[in-house]
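> One structure, as structure tokens, below. Some questions next.
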Amino acid sequence: MSATLLLVAALAVIFMAGAAIFRSLAGHRTEETLIAERLGLSWILGAGYVSLATFVAGFLVKGWILIALISGGAIGLFMLARKCRTFPRAAGPRFSLRDWSLLAILIAQAWFILWWAPKVPLGYDALALWEAKAQMAFAHSGALPVEYFSNPAVGWGHVYYPLFLPYTESWLYLWMGRVDQAWVRIIGPITYFAVVGILCGASQRLGVPRSAAWTGAASFFFVPYCITGDWGAFVGYADLPLGVIYLAAASRLPEIGSQGASSAAARLFAVTAGLLPWMKQEGFYLWLILVAIAALQLPEKKVKSIAVLVVPGMLIAAMFKGFLKVVGTAPDPFYRPPTWENISRNADRIIPVFQGIGQELLNFEHWSFLWVGATVALVILLVRRQTRRTGMIFACVVGAPLFLFGWPFVLSMYVPVETHMQLALPRLVFEIAPVAMLVIALALPRRVEQESKERSETR
Amino acid sequence: MTDRRSFEWQVVGWALFFLAFVGAGAVTFDRLAKQQHVMDQSPHNSSDACYWRELKLPDGSRRVEESLALLPKGGRVVLLYRPGTYQSLPAQLISLAAWRRGLQVAEVPAEASDARQQVAMHEPDGVFTLDGQSPEWFSSPRQLGENCAFSLFERK
Numbered sequence: 001m002s003a004t005l006l007l008v009a010a011l012a013v014i015f016m017a018g019a020a021i022f023r024s025l026a027g028h029r030t031e032e033t034l035i036a037e038r039l040g041l042s043w044i045l046g047a048g049y050v051s052l053a054t055f056v057a058g059f060l061v062k063g064w065i066l067i068a069l070i071s072g073g074a075i076g077l078f079m080l081a082r083k084c085r086t087f088p089r090a091a092g093p094r095f096s097l098r099d100w101s102l103l104a105i106l107i108a109q110a111w112f113i114l115w116w117a118p119k120v121p122l123g124y125d126a127l128a129l130w131e132a133k134a135q136m137a138f139a140h141s142g143a144l145p146v147e148y149f150s151n152p153a154v155g156w157g158h159v160y161y162p163l164f165l166p167y168t169e170s171w172l173y174l175w176m177g178r179v180d181q182a183w184v185r186i187i188g189p190i191t192y193f194a195v196v197g198i199l200c201g202a203s204q205r206l207g208v209p210r211s212a213a214w215t216g217a218a219s220f221f222f223v224p225y226c227i228t229g230d231w232g233a234f235v236g237y238a239d240l241p242l243g244v245i246y247l248a249a250a251s252r253l254p255e256i257g258s259q260g261a262s263s264a265a266a267r268l269f270a271v272t273a274g275l276l277p278w279m280k281q282e283g284f285y286l287w288l289i290l291v292a293i294a295a296l297q298l299p300e301k302k303v304k305s306i307a308v309l310v311v312p313g314m315l316i317a318a319m320f321k322g323f324l325k326v327v328g329t330a331p332d333p334f335y336r337p338p339t340w341e342n343i344s345r346n347a348d349r350i351i352p353v354f355q356g357i358g359q360e361l362l363n364f365e366h367w368s369f370l371w372v373g374a375t376v377a378l379v380i381l382l383v384r385r386q387t388r389r390t391g392m393i394f395a396c397v398v399g400a401p402l403f404l405f406g407w408p409f410v411l412s413m414y415v416p417v418e419t420h421m422q423l424a425l426p427r428l429v430f431e432i433a434p435v436a437m438l439v440i441a442l443a444l445p446r447r448v449e450q451e452s453k454e455r456s457e458t459r
Numbered sequence: 460m461t462d463r464r465s466f467e468w469q470v471v472g473w474a475l476f477f478l479a480f481v482g483a484g485a486v487t488f489d490r491l492a493k494q495q496h497v498m499d500q501s502p503h504n505s506s507d508a509c510y511w512r513e514l515k516l517p518d519g520s521r522r523v524e525e526s527l528a529l530l531p532k533g534g535r536v537v538l539l540y541r542p543g544t545y546q547s548l549p550a551q552l553i554s555l556a557a558w559r560r561g562l563q564v565a566e567v568p569a570e571a572s573d574a575r576q577q578v579a580m581h582e583p584d585g586v587f588t589l590d591g592q593s594p595e596w597f598s599s600p601r602q603l604g605e606n607c608a609f610s611l612f613e614r615k
């Protein structure tokens, strides 16, 4: 069978598993989510399933047995999810000329990306960290050997990096029966489309009119760092994948406040946010931020309700970190631990680092007016009485990571730290760019009739 | 009436914002032409692009594989390069290729004055240099690309 067909089969398993998990979590509210958002979530959840299953089962079974086991699991999930009853979605307003125009723009952008992305080679980290691990996992019939984590055969660091991306890549290699750096880059465009789909769906779900929601989604294409940045969407880095998970989880926060911990929104939040620590190290801190905001949102702050939000992420983080501890992985040599002594020793870095973050947000060559727009949007959301709660949520969702991202540079062992910031800071900022775009979409003007409807709903 | 006017002003404001946003974003698209592209859609195209960019080594994956194939199974290979520079990534790619073949890899800094002695200490079967032309002490040098050479190593 041709490698391309096998790749399609590998992707089909991911999407099937993801769609099934989504349906199981959303229950009868499945149809309320826009199909574009469902596809985006299916990608995130499906890739999460495949990579976690590879990590767990890969120590026991290899090769075709591993493929059969994980694919069988996906089929099983699909059969179970089919039993969930769903209510049909109420028909939305008819497509206006503006909607058709925006759809045409989105399709043109998708065409451009499918034409452009295959020309872009994998970047430094993609080759040295993520794809290299995928190659090593593939060479071991699907999963990295246990010895790798305690004594990497070759001199790469970052053994302690989570395995969402490498195991998704090795899943494709395993199906194709070969390492293929040309096809593995398909993850970049799929992730980009997931961002666009979730931006469209989440904005509409949170009350933004269709054309405004799609305007926000189409504008993401013009965030310069995304397409033309050195480590943008298509170079195989983990930043946009982390960003799309952050977006998907954060977009559920306003609903948790009104619907509670037993709602579909809370379940979807818990599972998507739980994948953050599995994507990248800083994902753990992003997860902490989201879980704290979600817990504060809960109408009833009971232990059981908070557990619903916390358990998936805690399990995943504890499983991987516990595993690294057990096998004796050396700690991260690039950062000092965040102790008071280390912080005070590097206190002279604090102001320059946060100045650097401010300058980065105003770097128009990377972000155009994204952060200016997001700031104005947050002010609008906070000023309007009916959107104040949403504004407060997203002020934390955007602001807390920006504050947190400064500290690794304060504690960095790279010298000079300015070079470290130059290399890493734009990528960290890129992780929250999708959610910043959502904030802009949420603040777009709504017709008076719609606002009065929202006001009456708030009352 | 006031609400309607306020709505219209907001629409105008955001329309101007998006115009500026798209305009400033689109300006950077001229950088696309300057970015590095892959040369083809072969299974190792990104590694090839890296070998070419950093070492001016064309068809790098194949040439590295051919060189490694000359070494005995379980043999040793030394990489002579400047750590922490543009040579680090191709060095890692060669390490990975060697590891896949079951070879042991050692690294020696190319700038070391006693590089030859350090290489000899590892008793390798082959040596790559990623630091330009092959040193005169390479016994059977093959210049793979402008900045990359390989040699089998004769143990004395």
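Here the protein sequences come in this chain order: U and Y. As numbered in the working numbering, residues 1 to 459 make up the first sequence, in order. As numbered in the working numbering, residues 460 to 615 make up the second sequence, in order. Beta carbons are placed, not taken as given, at the ideal position from N, Cα and C, and that holds for glycine. Predicted model, so just to flag it, every value in this text is computed and none were measured.
Measure the C-alpha to C-alpha separation of TYR225 (chain U) and GLN359 (chain U) and round it to an integer number of angstroms.
About 15 Å.
> Give me the subset of the stretch 180 to 211 of chain U whose CB atoms are less than 9 Å from a CB atom of chain Y, sorted by chain position.
ASP180, GLN181, ALA182, TRP183, VAL184, ARG185
> Over the uninterrupted alpha helix (DSSP H) stretch that includes SER547 (chain Y), give me the two end residues.
547 to 559
> Between the alpha carbons of ARG82 (chain U) and MET16 (chain U), how many angstroms are there, rounded?
11 Å
> What did DSSP end up calling ALA633 (chain Y) once you bin it into helix, strand or coil?
Because chain Y spans 460 through 615 in this model, residue 633 (chain Y) falls outside it and cannot be assessed.
> Taking the CB atoms as reference points, tell me whether LEU242 (chain U) and ALA294 (chain U) lie closer together than 8 Å.
no
> GLU582 (chain Y) by DSSP, collapsed to three states: which one?
coil
> Between which residues of its own chain and PRO338 (chain U) is the CB-CB distance below 7 Å, once the five residues before and five after are set aside?
TRP407, LEU411
> Check each residue of the stretch 301 to 314 of chain U: if its Cβ is closer than 7 Å to any Cβ of chain Y, include it; give the result in chain order.
none
> Given that HIS581 (chain Y) touches chain U, what residues does it touch there, using C-beta distances under 7 Å?
Correct list: empty, because the minimum Cβ distance to chain U is about 14 Å.
> Between SER593 (chain Y) and SER572 (chain Y), how many whole angstroms is the CB-CB distance? I'm expecting something under 8 Å.
Incorrect: roughly 18 Å between the Cβ atoms, too far for contact.
> Tell me which residues of the stretch 361 to 388 of chain U have at least one Cβ-Cβ distance to chain Y shorter than 9 Å, keeping chain order.
PHE364, GLU365, HIS366, TRP367, SER368, PHE369, LEU370, VAL372, GLY373, VAL376, ILE380
> Which of helix, strand or coil does DSSP assign to GLN592 (chain Y)?
Coil, per DSSP.
> Check whether the Cβ of ALA128 (chain U) lies closer than 8 Å to any Cβ atom in chain Y.
yes
> Is ALA479 (chain Y) close to chain U? Criterion is C-beta to C-beta, closer than 8 Å.
yes
> How about the stretch 256 to 265 of chain U and the stretch 139 to 154 of chain U: do they share at least three Cβ pairs that are nearer than 8 Å?
no
> Would you grab the beta carbon distance between ALA318 (chain U) and LEU290 (chain U) for me? Rounded to a whole angstrom, and I think it's under 8 Å.
Their Cβ separation, rounded to whole angstroms, is 17 Å, which puts ALA318 (chain U) and LEU290 (chain U) out of contact at 8 Å.
> Kindly indicate which residue of U:THR30, U:ALA12, U:LEU114, U:MET79 has the alpha-carbon position closest to the one of GLY205 (chain U).
Checking the displayed sequence, the identity of residue 205 (chain U) turns out to be Arg instead of Gly. That would be U:THR30, whose Cα lies nearest to the Cα of ARG205 (chain U).
> Report the rounded CA-to-CA distance for SER203 (chain U) versus VAL536 (chain Y), giving the unit in angstroms.
55 Å
> Alpha carbon to alpha carbon, how far is ARG521 (chain Y) from TYR173 (chain U)?
19 Å
> For a cutoff of 8 Å on Cβ pairs, would you count SER598 (chain Y) as touching chain U?
With 8 Å as the cut-off, SER598 (chain Y) does not count as an interface residue toward chain U.
> Within the same chain, show all residues whose beta-carbon is closer than 8 Å to that of VAL235 (chain U), passing over the 5 residues directly before and after it, in chain order.
VAL120, PRO121, LEU122, GLY123, ALA126, GLY188
> Which value, in whole angstroms, describes the spacing of the CA atoms of LEU549 (chain Y) and GLU513 (chain Y)?
One detail in the question is off: residue 549 (chain Y) reads as Pro in this sequence, not Leu. If you take the alpha carbons of PRO549 (chain Y) and GLU513 (chain Y), they lie about 7 Å apart.
> Can you give me the Cβ contacts of ARG560 (chain Y) inside the same chain, cut-off strictly under 7 Å, excluding the 5 residues immediately before and after it?
LEU527
> In the DSSP assignment, what residue or residues form a beta bridge with GLU566 (chain Y)?
Looking at the DSSP output, GLU566 (chain Y) bridges to Y:LEU538.
> Tell me whether the stretch 57 to 74 of chain U and the stretch 226 to 233 of chain U touch, counting them as touching only if at least three CB pairs, one residue from each stretch, are closer than 8 Å.
no
> Relative to chain U, which residues along the stretch 515 to 536 of chain Y have a C-beta separation below 7 Å, given in chain order?
none
> Tell me whether LEU34 (chain U) sits in a helix, a strand or coil according to DSSP, three-state version.
coil
> Using a beta-carbon distance below 8 Å, is GLN422 (chain U) in contact with chain Y?
no
> Under a three-way DSSP split, which group does GLN602 (chain Y) fall into?
strand
> Identify, in the order they occur along the chain, each residue of the same chain with its Cβ nearer than 7 Å to the Cβ of ILE350 (chain U), setting aside the five sequence neighbours on each side.
VAL410
> For VAL417 (chain U), tell me which candidate among U:ALA132, U:PHE334, U:PHE112, U:ILE21 has the shortest Cα-Cα distance.
U:PHE334
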